[in-house]
Structures are given as structure tokens and as C-alpha cells.
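Protein chains: 2
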Amino acid sequence: MDTQLTERTLTVGEAAERVGLTTYTLRWYEQEGLVAPVGRDTAGRRRYTERDVDWLVLLTRLRRTGMPVRDMRRYAELARQGDRTNAARLALLKAHRDRVLARMAELEEDLTVLNYKIGFYDGASAGCEA
Amino acid sequence: MDTQLTERTLTVGEAAERVGLTTYTLRWYEQEGLVAPVGRDTAGRRRYTERDVDWLVLLTRLRRTGMPVRDMRRYAELARQGDRTNAARLALLKAHRDRVLARMAELEEDLTVLNYKIGFYDGASAGCEA
DNA sequence: GCTTGACTTCGAGTGCGCTCGAACTGCCAG
DNA sequence: CTGGCAGTTCGAGCGCACTCGAAGTCAAGC
């Protein structure tokens, strides 16, 4: 019933705070096509819906996991083309997951080396060189 | 006995291949103070010792785990000052380890979101939007 | 009615980590 | 003796992801 009565929207500043990005970045993401053009109020100011915010949150996750902006754009383009791109989007996400897993494995390995190194300094105060 | 008879050294190209960096990067690392000045042959060409290579390998680990070049330089400067900086180096490495662990936790969390998202596309071909 | 402040667009600037081109030198194979 | 290749230095350039300044607009509060 109340389909759009409860549609509370956020300004760019509020949205920025919610998702942990700056207003600069939010506008830039839109300009770069990572976000579909955001609705405007009568004064031409951006109004972010909850769905816009959800999308931005997803973007921050992808970004944090190291997805390049170029790939996020590609994903966004696919999303804008509707359900028929589901397979492509799935493939993109899976490929990204693989990279994230590889990255995590690498980190784990590097952490081992780091711990080993710390052990040298910590255990014996006469540490190794290098 | 044979302390330096077996001292096989590597050219910048060989060293680059060994550590997985380019010759450009190796020279740049030296210039930036991430590596102490490397020994030269009579023609002025760099000769990397095994210790130099070990150091470079460590640097690649630190780098891969996200340590900024600025911090690697600091670490290198400390290393050049000898054993009296062991405590400082230990602190630096421990602080870095904390950041790596935090990063890994974050990645793990983001991976969960990613898996959830993939589940949507994969499980139901009528996926969610966004 | 006027100030304040958050918004708008645009293009330029920043920081990081390399990456490269140009001009030169010197060893080694043919 | 002569290519050719790998090295040298220097400074400039690049790709990425923002980040910011300037100049202007608009709505709301005093």
C-alpha cells in the first residue's frame, strides 16, 4: 500500500556518511558509471534511495576486496541491463571471489614469514640481520 | 673457511628475475633507500649478493601485505643502523602484522558478503536486483 | 531580506608506486 | 674490429583512485 510514501531519501552528504565515502567520491562514482544516475529533487540535488545506498555498500565491499574501478563499472553496466545479464554478473563475481581467495592465501603465507621474522627479533634479542 | 670464495653475485637482471620485480623497480628501490647501495663491479654494474636478494624478498613480502614504501624505507633505515634498532624494528613489524590481521578479517567479512551475493545469482536464476 | 551552508558542475591537482625513454658505456661473440 | 646486448643515470610520464578549488545555485533560519 504505502509503496512510496515511506521513501525517505538521503542527500549526498548523508549517503556519504552512511557508506563511509566522501561526497566527492560519491559524485565521482556516479560520473564514472559505477552508480546509475541518482534521482534529483526540484533543486537538482541528488537524493539517494535505500536501494542506492545498498548498491553503494556493495561497491565499497567490492572495492575493499581489491576490485578495480574498471571492473566495478563493468558490473554496474551489466546490472543496468537487467536480469538477462545475470550469468555474466555471476561469472564476474565468481572470478573476483577467486582472486580474493588467492589474495587471502597469499596474505596468509606472507603473515607466516612476518611472524617468523618477528620471532627472530622477539625471541632472541640478538636477531638475524636483514 | 671459504667465506667469500663462493660469493656468487647476480646482475640486476638476474636479481630482478629471482625476486619477481623489474630491473626498473630494483634500481628505484635502491634510489628510494629501501635497499642499501648495492655493490658494483669494476664497470660500475650492480652485483647483488644472496643477502641482498634475501632482503629484496623480504621487501616483496612487506609490500604485498600492503606496507607503504614509506614504512619500508623506515624499516630499511633502521636495519642499516644495526642491532641497536632491533626494538624499533620489532615494533614496526608488529604494528604491521596488526594491520595485516585487520585486513584479513575485513577480507573474510567481505568474502562472506560476496558469497551471499553469488548465492543469489547462483541459487535462484531469478536473482535479486542490485 | 540576508546570511549560512550544503549542494551543483567543471576541470585541475595529488599521492602512490612504479615505468619508461634517451643517451651513454662497456663486455663479449663472431 | 664490430655488433649487439645488458647495464648505467637522469628526469619525465603513467595509471589508478580519488581529492579539491572555484564559481555558482538554492532553501531554510534568524
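Residue numbers (full-length UniProt numbering), protein chains in the order written: chain G, 1 to 130; chain D, 1 to 130.
Even for Gly, the Cβ is constructed at its ideal location relative to N, Cα and C.
This one's a predicted model, so the numbers in the text were calculated from it and none came from an experiment.
- Put simply, the region 58-72 of chain G touches the region 95-108 of chain G. At least three CB pairs are less than 8 angstroms apart.
- Under the DSSP definition of a beta bridge, R40 (chain D) partners with D:R46.
- Excluding sequence positions up to five before and after L26 (chain G), its CB lies within less than 7 angstroms of the CB of V12, A15 and A16, all in the same chain and listed in chain order.
- CA-CA distance, Y24 (chain D) to R47 (chain G), rounds to 48 angstroms.
- Within the region 104-122 of chain D, the residues whose Cβ lies closer than 8 angstroms to some Cβ of chain G are M104, E106, L107, E108, D110, L111, V113, L114, N115, K117, I118, Y121 and D122, listed in chain order.
- The beta carbon of V69 (chain D) is closer than 8 angstroms to those of E32, L34 and R63 in its chain, skipping five residues each way along the sequence.
- Taking a C-beta distance under 8 angstroms as the contact criterion, E30 (chain D) and V38 (chain D) qualify as a contact pair.
- The contact set of V100 (chain D) on chain G, defined by CB atoms closer than 8 angstroms, consists of L107, D110, L111 and L114 in chain order.
- In the three-state reduction of the DSSP assignment, L107 (chain D) falls in the helix class.
- Straight across, the Cα-Cα distance linking D41 (chain G) with T9 (chain G) is about 10 angstroms.
- For R74 (chain G), no chain D residue has a Cβ inside 7 angstroms of its Cβ, as the nearest lies near 15 angstroms away.
- Using a Cβ distance threshold of 8 angstroms, I118 (chain G) and L93 (chain D) count as a contacting pair.
- In this structure, DSSP gives L26 (chain G) a helical state, which the three-state scheme calls helix.
- Contact of R97 (chain G) with chain D is assigned, a C-beta pair being separated by under 8 angstroms.
- Between T112 (chain G) and L21 (chain D), the alpha-carbon positions lie close to 21 angstroms from each other.
- Interface with chain G (8 angstroms Cβ-Cβ cutoff): L34 (chain D) is excluded.
- Nearest in C-alpha terms to D52 (chain G), of all of G:E109, G:D110, G:D122 and G:E7, is G:E7.
- One Cα belongs to D110 (chain D), the other to H96 (chain D), and the distance between them is close to 21 angstroms.
- Taken through DSSP and simplified to helix, strand or coil, L10 (chain G) comes out as strand.
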